[in-house]
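Trainee:
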Amino acid sequence: MSANIQKKKGGPDRHPVAPWMFLAPYLLYAAVFFVYPLLYAGWLAFHQTDGPHTAIFVGLDNFKFIFTDSMFWKAMSNTTIYAIASICIQLPISLGLAMLLNNSNSRMKGAFRLMIFSPNLVGQIFVGVMFAVIFTPHYGLFNKGLYALIGWGLEKQWLADPNLLLPALIIISLWMYVGYNMIYFLAGLQSVDKQLVEAAQIDGANGWQTFLHITLPQIKPIAIFVVIMSTIGSYQLFELPFALMKGEGFGPNNAAMTVVGYLYEWGFNNGDLGTAAAIGWILAAIIFVISIFQLKVTHAYDVD
Amino acid sequence: MNLVHWVLIAAAIVYVVLRLIPGKGWKIAPAYLRVVLLCIAAFLTLTPFVWLICSAFKDKTIMMQYTFLPPVSHWFDGSLNLENFRRLLTEEYHSPQGSVYFWQYIVNSIFLSCTITSINIFFSSMAGYALAKYKFKGRNAILFVMLGSMMFPAMLFLAPLFEMIYKFGWMDTYYALIIPGAITVFGIFLFRQAMVGVPTSLLESARVDGASEFRIYWEITLPLVRPVTAAYCLITFLATWNAFLQPQIFVQTQSKLPLPVVLNQYIGLYVQEYGIFLAGTLLAIIPPAILFFILQKEFVAGLTSGATKG
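Residue numbers (my numbering), protein chains in the order written: chain A, -4 to 299; chain B, 48 to 357.
(1) Determine whether the Cβ of T287/B lies closer than 8 Å to any Cβ atom of chain A.
(2) With distances taken between CB atoms, is the gap from N131/B to I323/B smaller than 8 Å?
(3) Are the region 91 to 110 of chain A and the region 85 to 100 of chain B in contact at 8 Å, needing three or more beta carbon pairs?
(4) Flag N248/A as yes if its beta-carbon sits less than 8 Å from any beta-carbon of chain B, otherwise no.
(5) Counting only Cβ-Cβ distances shorter than 8 Å, please list the residues of the region 81 to 99 of chain B near chain A, keeping chain order.
(6) Verify the CB distance criterion: does P20/A have a CB-CB separation below 8 Å to chain B?
(7) Using 8 Å as the limit for Cβ to Cβ distance, is G275/A near chain B?
(8) Taking P307/B as the reference, which of V122/A, P11/A, I84/A, N115/A has the closest Cα?
(9) As a quick exercise: from Q319/B, Q301/B, L316/B, I332/B, pick the residue whose alpha carbon is nearest that of Y148/B.
(10) Considering only their Cβ atoms, is the gap separating L33/A from F209/B smaller than 8 Å?
(11) Considering D56/A, what are the terminal residues of the alpha helix (DSSP H) in which it resides?
(12) Quick one: what's got a C-beta closer than 7 Å to Q151/B's C-beta in the same chain, skipping five residues either side?
(13) Indicate whether at least one CB of chain B lies closer than 8 Å to the CB of L55/A.
(14) Taking Cβ positions, are I178/A and F126/A nearer each other than 8 Å?
(15) If you check the beta carbons only, do M193/B and I235/B fall under 8 Å apart?
(16) Measure the C-alpha to C-alpha separation of S89/A and L292/B and round it to an integer number of angstroms.
(17) Establish whether the CB of Q231/A and some CB of chain B are separated by less than 8 Å.
(18) What are the boundary residues of the alpha helix (DSSP H) that includes V192/B?
(19) Is the beta carbon of G275/A closer than 8 Å to that of L205/B?
(20) How about M197/B: is its C-beta nearer than 8 Å to some C-beta of chain A?
(21) Which residues of chain A have a Cβ atom closer than 8 Å to the Cβ of F176/B, listed in chain order?
(22) Using a Cβ-Cβ cut-off of 8 Å, state whether E210/B counts as contacting chain A.
(23) So does the region 33 to 45 of chain A actually touch the region 267 to 274 of chain A, counting three or more Cβ pairs closer than 8 Å?
(24) Can you tell me which residues form a DSSP beta bridge with G145/B?
(25) Counting only C-beta atoms, is E150/A closer than 8 Å to chain D at any point?
(26) Under 8 Å between C-beta atoms, does W170/A make it to chain B?
(27) Decide if P11/A is buried, meaning its Cβ has at least 16 other Cβ atoms within 10 Å, or exposed.
(28) Enumerate in chain order the residues of its own chain whose CB-to-CB distance from S243/B is below 6 Å, with the five nearest sequence positions on each side excluded.
(29) Of all Cβ atoms in chain B, is any one closer than 8 Å to the Cβ of K98/A?
(30) Just to confirm the assignment, what range does the alpha helix (DSSP H) spanning A195/A have?
(31) Examine chain B for any beta-carbon lying closer than 8 Å to the beta-carbon of G118/A, and answer yes or no.
(32) Please state whether DSSP places L127/B in a helix, a strand or coil.
(33) Kindly list, in the order they appear in chain B, the residues whose Cβ is closer than 7 Å to that of P114/A.
(34) DSSP three-state call for I337/B: helix, strand or coil?
(35) Within 10 angstroms of the Cβ of E150/A, are there 16 or more other Cβ atoms? Answer buried if so, exposed if not.
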């Protein structure tokens, strides 16, 4: 019977031990660095730790503390504003650039793609170090450039003014990630049926109608993917504000405090790993709920 | 009115003129507009890099005076020099364990990135191969666990990992960075997707010739998915080169630190001497840039392969 199946499938792709040997490193890894820490994180969230040696069961106290801490809500609102701005400002620009590139000839496409993507090679810490200087009042590249363009903002203290810090973060992330998301949109646009677009144009559809009714539905799967990925990424923001603030906290009024920054503060500056684990679960829950919500409202399941 | 405005106005005038010319001009106007918009985007993207390079070579006396470079007449009077690099590379950092020079951090970063990347490619591709080319009981269960594990953010594991690393006695060693980075589920999926396309008949004929299962994976399958390997190599190298949080938490000895942690220190250390840490940042982004230029075609293909097929 089993020999029969092997013949039918056309190959000895059944081997008693080989696949398990190849998978052994992953299985070991998953047991030690996924399953165990996951259970451990569950256990930790209900305990109060003080250094690695003591742990006291505290029930839901860690969660109670977090939800009543105004700093947590500050972190949540900052991160949420940042995430919404990422989606509403960054992704349309990424899509626009991808559409401009998609209609260009291939040599130009390669060169522009390379240039616009390049900031993504630079880690958030290095970007933070650079932009800490770029946003210097009066002398910084950004302040001078903005002043040259619209005659405003030469003396603005982007990194010291609590009202400007979050916009500064959004501007930096625009520079970093527009090209990254553009690559995904470009891949999506390349699979759009060109005949359908031409047919619509012959039928007298204008550019906007063609985009709305022909192009957009076809890139919907990849657009949903990009929206979810940038939401997940946005909620994990930490290194950029950390470096931008020169390691001295999270800005005036904690204007650059993020959820992961809050986790770092509790777990690794205050040594309370129980609270850090609880924040980790809250973060996981937020990401999970938002992803499901986005999949639901975009009816991603309906498209087959 | 300044140069920026004049350039933008000139570009707009050219566009209007093109639109007014019937026939040819009318036709090329959209293409012209496209190039202008792309050029603006590319200009905005590249300016910080140009500024970084200029700043790294400027003497500290003129650092604030000019946004980019001083006028050409000042280029050779010592305004532009290698002083920032000299100080960066020769000034030692006095740590409790002794003096540390900047080149040590570069060596650390190169060592860590290369080690983690090679180990990760080896183990991830091996698991991907098993999932792509064998049929066995439990395969779907493993795929399910892998998909499930991708739903949890890495930050959730940070607190338990800290305790584990401490208990394993890996604090302040590279084991704490290398071993948890030895495999990624993303890599396994990437290799699995590529290896599914390798013809089974090819593997079978090697088997008939008496090749061992490992040799079939190592000498036949892996070379056939070289583009994906190249893409994944760059993705992993970038991720480890730019990694900050894990080394920040797990490594304490100054001489063992990689570049991101050190540059984050330097920004506080050389508060007013921008030139020094900007020179350091420039040095830190060169290796990934070189690797990117070598592998960029494969990289873009690899980055999007999961998204377009999935």
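The beta carbon of each residue, even a glycine, is placed where N, CA and C say it ideally should be.
Mentor: Reading off the structure:
(1) no
(2) yes
(3) yes
(4) no
(5) R81, V82, L84, L85, A88, A89, L91, T92, L93, T94, P95, F96, W98, L99
(6) yes
(7) yes
(8) V122/A
(9) Q301/B
(10) no
(11) 56 to 63
(12) S302
(13) no
(14) no
(15) yes
(16) 28 Å
(17) yes
(18) 186 to 196
(19) yes
(20) no
(21) Looking at the sequence itself, residue 176/B is Tyr, so the reference to Phe does not match. By Cβ distance, chain A contributes F17.
(22) yes
(23) yes
(24) S142/B
(25) In the structure shown, chain D does not exist; the protein chains are A and B.
(26) yes
(27) exposed
(28) In the sequence under discussion, the amino acid at residue 243/B is Val, which differs from the Ser named in the question. Closer than 6 Å at the Cβ level, and outside the excluded window around V243/B, lie A179.
(29) One detail in the question is off: residue 98/A reads as Asn in this sequence, not Lys. Answer yes: the Cβ-Cβ gap between N98/A and chain B drops below 8 Å somewhere.
(30) 189 to 197
(31) yes
(32) strand
(33) T92
(34) helix
(35) exposed
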